Amino acid sequence: MDILEITGKDGLLTAIELQNAQDAVPLGRALIDGGLTVAEITFRTPAAAEAVKTMVQAYPEMIVGAGSIVQVKQAEQAVAAGAKFIVSAGFNPVLVDWCIEKNIPTLPGIATASEIMQAVIRDLKVLKFFPAEVMGGLNGLKALSAPFPGMKFIPMGGISAANMAEYLKLPYIHAIGGSWPVKKNLIAEGRYDEVTRLICEALAIFKEARMRR
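Structure, rendered in structure tokens:
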């Protein structure tokens with residue numbers, strides 16, 4: 016399975032930050048109840064690797080990946096914990112090449128045409144546009160994508176239920192990424208029903224937008 020298949024399964028890639036690895040169990044259930052089969056756990060806390068391992072063991076049916084990966088060492092830790100794909104905020108050629116060599120699906124972040132060209136020569140088919148709203152939002156992505164027909168994008172950064180439908184009107188949007196359904200305060204307060212509700216809401220928007228496109 017490649018990154019196109021993985022991210023296309025749901026249409027929503029949630030960037031999850033966990034302070035406590037054990038929170039991965041109730042959170043994983045909330046994701047599944049909301050209709051997700053894919054989860055991205057960001058490596059922004061010391062608990063990240065253990066959280067990946069915990070979610071993978073609790074829900075083997077889920078495709079769990081690692082996000083905010085900066086260097087190969089982190090990717091190695093993530094894969095050892097059970098991560099099935101690697102997401103990064105920017106385009107690190109060393110990290111991307113390592114993933115390709117190891118046959119690990121990767122979703123690197125881009126914000127310039129030069130970075131997209133680096134992805135093209137490596138035959139990558141889908142990229143993370145980050146931080147989407149800061150880098151010009153819809154207009155920025157339209158301008159960036161024009162010279163690269165066939166490339167698909169997952170915008171992340173400033174995306175929410177309020178604006179995701181506008182992005183989904185673009186034919187080269189493969190999925191939507193964001194952290195709003197899995198906000199840290201919801202996890203800290205154990206409000207997993209709200210997580211499920213927000214995911215259901217986002218998936219409904221995604222499906223409706225795809226039907227209209």
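At the far end of the sequence shown sits residue 228, using this note's numbering, and the numbering has no gaps. Glycine included, C-beta positions come from ideal geometry on N, C-alpha and C. Bear in mind that the values here come from a model prediction, so they are computed numbers and not experimental data.
- Under the DSSP definition of a beta bridge, V141 partners with K167.
- Residue pairing by DSSP places T57 opposite G82 in a beta bridge.
- Straight through space, the alpha carbons of Y74 and E91 are spaced by roughly 21 angstroms.
- Under a 10 Å Cβ-count criterion, M132 is classified as exposed, with fewer than 16 other Cβ atoms of the shown protein chains found around its own Cβ.
- Secondary structure note for G193: its beta strand (DSSP E) is the uninterrupted segment 191–193.
- The beta carbon of P146 sits closer than 6 angstroms to those of G172, all from its chain and outside the five residues before and after it, given in chain order.
- When the beta-carbon positions are compared, A30 and G193 come within less than 8 angstroms of each other.
- For T29, there is no enclosing alpha helix (DSSP H); the enclosing beta strand (DSSP E) has its first and last residue at 27–31.
- The Cβ neighbour count for G43, taken over all protein chains shown within 10 Å, is at least 16; the residue is labelled buried.
- For G152, the three-state secondary structure derived from DSSP is helix.
- Counting of Cβ neighbours within 10 angstroms places Q86 among the exposed residues, the total staying below 16.
- Beta bridge pairing from DSSP links L122 with V102.
- Per the C-alpha coordinates, the member of G50, E32, P41, L19 positioned closest to R212 is G50.
- The shortest C-alpha to C-alpha distance from G82 to any of E130, G124, F168 is the one to G124.
- By the Cβ rule, the segment 175–182 does not count as touching the segment 98–107, because fewer than three pairs are nearer than 8 angstroms.
- It is roughly 8 angstroms from the alpha-carbon of M16 to the alpha-carbon of P120.
- Exclusion of the five residues before and after T60 leaves E32, L33, Q34 as the residues of its chain whose Cβ lies within less than 7 angstroms of its Cβ.
- Within the same chain, Cβ atoms closer than 8 angstroms to the Cβ of K167 are found at L19, K140, V141, L142, Y187, I188, H189, the five residues on either side in sequence being excluded.
- Note on geometry: alpha-carbon atoms of D208 and W113 lie some 38 angstroms from one another.
- For N178, there is no enclosing alpha helix (DSSP H), as DSSP marks it with neither H nor E.
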